[in-house]
Amino acid sequence: MKTYMAKPGEVEQRWWLVDASGQRVGRLASQIAMVLMGKHRPTYTPHVDTGDHVVVVNAEKVEFSGRKWQQKLYRWYTGYQGLRSETA
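Just so you know, we're using this note's numbering here: the sequence shown kicks off at 4 and counts up by one.
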């Protein structure tokens, strides 16, 4: 049995509509990432874009577990020595 490798012209990309209301943000993000990469298909090929398109509706109704909404900090380096910015 030979290994199948998808070719760029053979892949048909579909559109997915995802309702995010009432879902946990981490689990939803990992499921969407799998669809965007194309790993949900049996014809997944790493060097070919086999992923689909995803549209997320009701993103403002997504849920965070615990107190992550109040405690989560996003930090990034500003490019200057010793300066880091953060926001909640």
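Every residue, glycine too, gets a C-beta built ideally from N, C-alpha and C.
Pairing residue 20 with residue 51 gives a Cβ-Cβ distance that is not under 8 Å. Relative to residue 55, the option among 91, 36, 31, 32 whose CA is nearest is 36. Residue 80 has its alpha-carbon roughly 39 Å from the corresponding atom of residue 14.
Counting only the Cα atoms, residue 10 lies some 17 Å from residue 43. The Cβ neighbour count for residue 25, taken over all protein chains shown within 10 Å, is under 16; the residue is labelled exposed. In the DSSP annotation of this structure, the continuous segment of the alpha helix (DSSP H) that includes residue 30 starts and ends at 28-40. Look at residue 63 here: in three-state DSSP terms it is helix. DSSP links residue 77 through a beta bridge to 90. Within the model, the alpha-carbon separation for residue 69 versus residue 75 is close to 11 Å.
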